[in-house]
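0 is the number of the first residue of the sequence shown in numbering that gives the first Met the number 0; add one for each residue after it.
So the structure is just underneath, and the comments pick up after that.
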Amino acid sequence: MIKNIFIKVLKSFYGVIIVLILWYILSAIIGTNMVPTPKMSIIELVRLLQNDFLYHILYSLYRILGSILISLVIGIPIGIILGRSNLVDKIISPAIYLLYPIPKIAFLPIFMVMFGIGDKSKIILMVTIIVFQILIVTRDAVKEIDKDILISAKVMKFNKFDTITKVILPSILPKVFSALRVSIGIAISALFFSENYATKYGIGYFIMNSWAMVDYKGMFAGVLALSIMSLIIFKIIDILEKKICSWI
Numbered sequence: 000m001i002k003n004i005f006i007k008v009l010k011s012f013y014g015v016i017i018v019l020i021l022w023y024i025l026s027a028i029i030g031t032n033m034v035p036t037p038k039m040s041i042i043e044l045v046r047l048l049q050n051d052f053l054y055h056i057l058y059s060l061y062r063i064l065g066s067i068l069i070s071l072v073i074g075i076p077i078g079i080i081l082g083r084s085n086l087v088d089k090i091i092s093p094a095i096y097l098l099y100p101i102p103k104i105a106f107l108p109i110f111m112v113m114f115g116i117g118d119k120s121k122i123i124l125m126v127t128i129i130v131f132q133i134l135i136v137t138r139d140a141v142k143e144i145d146k147d148i149l150i151s152a153k154v155m156k157f158n159k160f161d162t163i164t165k166v167i168l169p170s171i172l173p174k175v176f177s178a179l180r181v182s183i184g185i186a187i188s189a190l191f192f193s194e195n196y197a198t199k200y201g202i203g204y205f206i207m208n209s210w211a212m213v214d215y216k217g218m219f220a221g222v223l224a225l226s227i228m229s230l231i232i233f234k235i236i237d238i239l240e241k242k243i244c245s246w247i
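As structure tokens, this is what we get:
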């Protein structure tokens, strides 16, 4: 029993162990002045958390979580409409295909001009990254639903609300969660970039400011904090998927 628990824990953290080993090797080769060891970075992160570094984390969390919620609220309903209506799909999909491949980070200057240099433009930037992924995956997932299942729902006299909540959503949610994982990784990269403009708080700002100040311990502590924050977000998504999609 204890052996099985140990193996399960080891499987969960073997990736972290590999990263730490490689980190130590890199630090030994380059030198701890430029690449602090994991231990030094963790100590620095703990020290920073006793000051105002927590505000940087909270601001970044607010931006990314807000972007996720807005993207889901927009992307899922529109995706369902596109999947259910061939006419609407033919009208809107060309515009989606035109905008989707464009690197969304290119829109940051435009968003800053249109919506200001504060949080609004940063959140809108991440929404444009996440929402397209959610929208397209939702549309395709709806189209892939077995027609016999939809016919059965009609036979059982499901209204539109019941059809969406009891048939369509359970069918598409696993794929939506997968799309969310993919898009969040890209969105966090864009968040890091956008937080270098017109802001005093955010992990991206803190990392680049530490680099400019030649504070490599602080820089690596910021990278570590960003990694931990991303890991927590992904774990939350995994937990929600297991709770909501308990049948898979």
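Don't be surprised by glycine CBs; every beta carbon is placed ideally from N, CA and C.
Small disclaimer: the values here were computed from a predicted structure and weren't measured.
Output yes or no for whether 9 angstroms exceeds the beta carbon distance between residue i and residue j.
i: LEU21; j: ILE77; result: no
i: THR162; j: LEU172; result: no
i: LEU60; j: MET218; result: no
i: GLY82; j: ALA152; result: no
i: ILE187; j: ILE122; result: no
i: SER209; j: GLY221; result: yes
i: ARG138; j: SER92; result: yes
i: GLY203; j: VAL130; result: no
i: MET157; j: LYS165; result: The sequence given here has Phe at residue 157, not Met. Against a cut-off of 9 angstroms, the Cβ pair of LYS165 and PHE157 comes out as a contact.
i: ILE80; j: ALA197; result: no
i: LEU48; j: ILE232; result: no
i: ALA178; j: VAL136; result: yes
i: PHE205; j: PHE52; result: yes
Assuming residue i contacts residue j under a Cβ cut-off of 8 angstroms, what Cβ separation, rounded to an integer in Å, is found between them?
i: ALA224; j: LEU25; result: That belief does not hold up - the Cβ atoms of ALA224 and LEU25 are roughly 19 angstroms apart, past 8 angstroms.
i: THR36; j: TYR23; result: 6 angstroms
i: ARG180; j: ILE236; result: 6 angstroms
i: ASP118; j: ARG46; result: Their Cβ separation, rounded to whole angstroms, is 27 angstroms, which puts ASP118 and ARG46 out of contact at 8 angstroms.
i: ILE144; j: ILE167; result: 7 angstroms
| request: Determine, using beta-carbon pairs with one atom in the segment 212-221 and one in the segment 113-130, whether at least three such pairs fall under 8 angstroms. | output: no
| field | In chain order, each alpha helix (DSSP H) run of at least 4 residues that lies wholly inside the segment 117-147 | value | 118-142
| Sufficient close CB pairs (3 or more, under 8 angstroms) joining the segment 99-119 to the segment 188-195 | Touching, per the Cβ criterion.
| said: If we require 4 or more residues per run, which alpha helix (DSSP H) segments fall completely within the segment 3-64? | reply: Counting only runs of 4 or more, we get 37-48.
| said: Which complete alpha helix (DSSP H) runs does the segment 158-196 hold, if anything under 4 residues is left out? | reply: For the segment 158-196, whole alpha helix (DSSP H) runs of length 4 or above, ordered along the chain, are 159-162 and 168-193.
| request: Pick out the complete alpha helix (DSSP H) segments inside the segment 77-104, 4 residues or longer, and give them in chain order. | output: 85-98
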